[in-house]
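Novice:
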Ligand code: HEC
Ligand code: HEC
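In my numbering, the protein residues as written are 909 to 1160.
1) Can you list, in chain order, the residues of its chain with a C-beta nearer than 8 Å to that of residue 1087? Leave out the 5 residues immediately preceding and following it.
2) Rank 968, 992, 996 by C-alpha distance to the C-alpha of residue 1006 and give the top, closest one.
3) For residue 1008, is the classification buried or exposed, using 16 other Cβ atoms within 10 angstroms of its Cβ as the cut-off for buried?
4) Give the range of the alpha helix (DSSP H) segment to which residue 1069 is assigned.
5) Please determine whether the Cβ atom of residue 1109 lies at a distance below 8 Å from any heavy atom of ligand 2.
6) Could you pull the start and end residues of the beta strand (DSSP E) that residue 978 belongs to?
7) Buried or exposed, going by whether 16 or more other CB atoms sit within 10 Å of the CB of residue 989?
8) Could you tell me the distance, in whole angstroms, from the CA atom of residue 1019 to the CA atom of residue 1001?
9) Could you tell me if residue 1046 is buried or exposed, where buried requires 16 or more neighbouring beta carbons within 10 angstroms of its beta carbon?
10) Tell me whether the stretch 1013–1027 and the stretch 965–984 touch, counting them as touching only if at least three CB pairs, one residue from each stretch, are closer than 8 Å.
11) Under three-state DSSP, which class holds residue 1060?
12) What residue from 981, 984, 970, 944 has the CA that sits closest to residue 996's CA?
13) With distance defined between alpha-carbon atoms, name the residue in 1101, 1083, 1075 nearest to residue 1111.
14) Looking at C-alpha atoms only, which residue of 1105, 962, 1027 is the closest neighbour of residue 1041?
15) Sort 1031, 1095, 1067, 946 by Cα distance to residue 1050 and report the nearest one.
16) Let me check understanding here. Comparing Cα to Cα, which of 1084, 966, 987 lies closest to residue 1028?
17) Terminal residues of the continuous alpha helix (DSSP H) containing residue 960?
18) Which residues share a DSSP beta bridge with residue 970?
19) Does the separation of the CB atoms of residue 1101 and residue 1043 fall below 9 Å?
20) Quick one: Cα of residue 961 to Cα of residue 1079, how far?
21) Hey, would you say the C-beta of residue 1095 is under 8 Å away from at least one heavy atom of ligand 2?
22) Within 10 Å of its beta-carbon, does residue 965 have 16 or more other beta-carbons around it, so buried, or fewer, so exposed?
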């Protein structure tokens, strides 16, 4: 009995841990030496072409990449979103499938094809946290939540938690607008604002030294719970409204 239990626990444990890291791609072993564009082209042919097309023109599976510059490709690859594993699903953050030099090679290849999009943004580490918080509340919180733990963003999209994003990845997301996220260019958020936002998002990784307030000092859980309950309330009201409309229909 005990042995059985132990076995069950072991299976559970291995199952949960198996869900975490993405196994490295078996054939991602092209050497990074030599011509980066050539290496990038080979990697592209193996891992991207089927969805994004041989001329980066896109396919029914995926958008073209001619508007994806270095920032977009770096964001998608360094956050492990691409190559997309399951077509038709929202790209998710995970361990990157490629080492740094191969990511750079793929960027070089895509850019060499004339893809036009923002270059990798500069991020300075002296961003103003107070300004960052204000900008976050105005531009980001509605989707990502007050504590950046993620939330449902609508249209079937999840705005992910930002607790693992590096300052560079935050800046890249802001400049490129992945998925349904809006794109914020330099006219909307100049460099100092970008630095401030990147610094603020980074500070949320360590809630203890974040300058933020928390709901009746209940902390992130309290805020999340309140948002959740409020959301639930709205859903229930909506369900009633829909129910009433449906009931009303047949009677004309
Ligand atoms: C299984 C299909 C698939 C594969 C393989 C794939 N992608 Fe994608 N890619 C997608 C889809 C679908 C999207 C759009 C996701 C979305 O809805 O935002 C996308 C989006 C992107 C974007 C953002 C485009 C934009 O307009 O914002 C980049 C950059 C990108 N992919 C690069 C790559 C690279 C580089 C590879 C190879 C290493 C790759 N992808 C492999 C399906 C794929
Ligand atoms: C309309 C909702 C929406 C708004 C507003 C929004 N985002 Fe996003 N954000 C998203 C969605 C959806 C994704 C996931 C996109 C994907 O995976 O293709 C995302 C992804 C991100 C990521 C990547 C997280 C990771 O590490 O995986 C970062 C960083 C980010 N957003 C930061 C911001 C910042 C900073 C702002 C404000 C300037 C902002 N977002 C505003 C919806 C939004």
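Every residue, glycine too, gets a C-beta built ideally from N, C-alpha and C.
Specialist: In short:
1) Numbered from 1 along the chain shown, position 179 holds the residue referred to as residue 1087. The answer, listed in chain order, is 998, 999, 1065.
2) The residue labelled residue 1006 in the question sits at position 98 within the chain shown. Looking only at 968, 992, 996, the smallest Cα-Cα distance to residue 1006 is reached by 992.
3) If you number the chain shown from 1, residue 1008 lands on position 100. Counting Cβ neighbours within 10 Å, residue 1008 comes out exposed, since fewer than 16 surround it.
4) Locating residue 1069 in the chain shown gives position 161, where the first residue counts as 1. Looking at the DSSP string, residue 1069 is not in any alpha helix (DSSP H), and its letter there is neither H nor E.
5) Taking the first residue of the chain shown as 1, we reach residue 1109 at position 201. Yes, ligand 2 has a heavy atom inside 8 Å of this Cβ.
6) On the chain shown, residue 978 is found 70 positions in, with the first residue counted as 1. No beta strand (DSSP E) contains residue 978, which is instead part of the alpha helix (DSSP H) from 978–986.
7) The residue you call residue 989 lines up with position 81 of the chain shown. The residue in question, residue 989, is buried, as its Cβ has 16 or more Cβ neighbours within 10 Å.
8) Position 111 of the chain shown, counted from the start, is the residue given in the question as residue 1019. Position 93 of the chain shown, counted from the start, is the residue given in the question as residue 1001. Spanning the two alpha carbons is a distance of roughly 23 Å.
9) For the purposes of this step, residue 1046 is taken as residue 138 along the chain shown, with counting starting at 1. Looking at its Cβ environment, which holds fewer than 16 other Cβ atoms inside 10 Å, residue 1046 is exposed.
10) yes
11) Numbered from 1 along the chain shown, position 152 holds the residue referred to as residue 1060. In this structure, residue 1060 counts as strand in the three-state DSSP scheme.
12) Translated into positions along the chain shown, residue 996 becomes position 88. For the residues 981, 984, 970, 944, the minimum Cα distance to residue 996 belongs to 970.
13) Sequence index remark: in the chain shown, residue 1111 carries index 203 (1-based). The residue with the shortest Cα to Cα distance from residue 1111 is 1075.
14) Residue 1041 sits at position 133 when you count from the first residue of the chain shown. Checked all of 1105, 962, 1027; the closest Cα to residue 1041 is 1105.
15) In the chain shown, counting from the first residue as 1, residue 1050 sits at position 142. Taking only the C-alpha atoms, the option nearest residue 1050 is 1067.
16) On the chain shown, residue 1028 is found 120 positions in, with the first residue counted as 1. That would be 1084, whose Cα lies nearest to the Cα of residue 1028.
17) Counting from 1 along the chain shown, the entry for residue 960 is found at position 52. Residue 960 -> alpha helix (DSSP H) spans 957–960.
18) Translated into positions along the chain shown, residue 970 becomes position 62. Per DSSP, 967.
19) Looking up residue 1101 in the chain shown gives position 193. Looking up residue 1043 in the chain shown gives position 135. Taking 9 Å as the Cβ cut-off, residue 1101 and residue 1043 qualify as a contacting pair.
20) Here residue 961 is taken as the residue at index 53 of the chain shown, counted from 1. Here residue 1079 is taken as the residue at index 171 of the chain shown, counted from 1. Using only the alpha carbons, I get a separation of about 27 Å.
21) Here the question's residue 1095 lines up with position 187 in the chain shown. No; taking the cut-off as 8 Å, the Cβ of residue 1095 has no heavy atom of ligand 2 nearer than that.
22) Along the chain shown, read from residue 1 onward, the residue named residue 965 stands at position 57. Looking at its Cβ environment, which holds fewer than 16 other Cβ atoms inside 10 Å, residue 965 is exposed.
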